[in-house]
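For the sequence shown, full-length UniProt numbering begins at 1 and goes up steadily by one.
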Amino acid sequence: MRNKGLLILVMLVSLPAAAESAVPGPRARAFIGQDLHLAGRELISYQLSTGEHTLVLQDRFSMSIGANQFSSDNAVVWL
């Protein structure tokens with residue numbers, strides 16, 4: 001999926017057991033054990049506070065997790 005605009009992602013980074021308990025049933029298990037790949041030509045990283053980061057990926061952003069692939073010109077990711 002290619003989007004010309006800005007893709008904004010909010011991602012929760014946690015242990016698989018914690019992720020599974022946060023989202024019930026098969027939806028939680030869909031992404032456990034899947035590798036997440038983020039790419040862009042330019043990356044700017046900001047640390048907002050302890051344990052909270054923002055990544056700004058510019059120029060040809062792409063993301064894949066499992067069989068799902070997304071792309072955009074730019075993206076902002078909150079971790």
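Note that the Cβ used here is the ideal one computed from N, Cα and C, for glycine as well.
Treat the numbers as computed from the prediction; the structure is a model and nothing was measured.
Collapsing the DSSP output to three states places Q58 in a strand. Taking L79 as reference, the option from L43, M63, S64, Q47 with the minimal CA-CA separation is Q47. Beyond the five residues adjoining it in sequence on each side, G40 comes within less than 8 Å, by CB distance, of L57, Q58, D59, R60, F61, S62, N74, A75 in the same chain, given in chain order. The three-state reading of DSSP puts L79 in coil, since its state is none of H, G, I, E or B.
Put simply, the backbone Cα of Q34 is about 13 Å away from that of Q69. For A39, the enclosing beta strand (DSSP E) has its first and last residue at 36-39.
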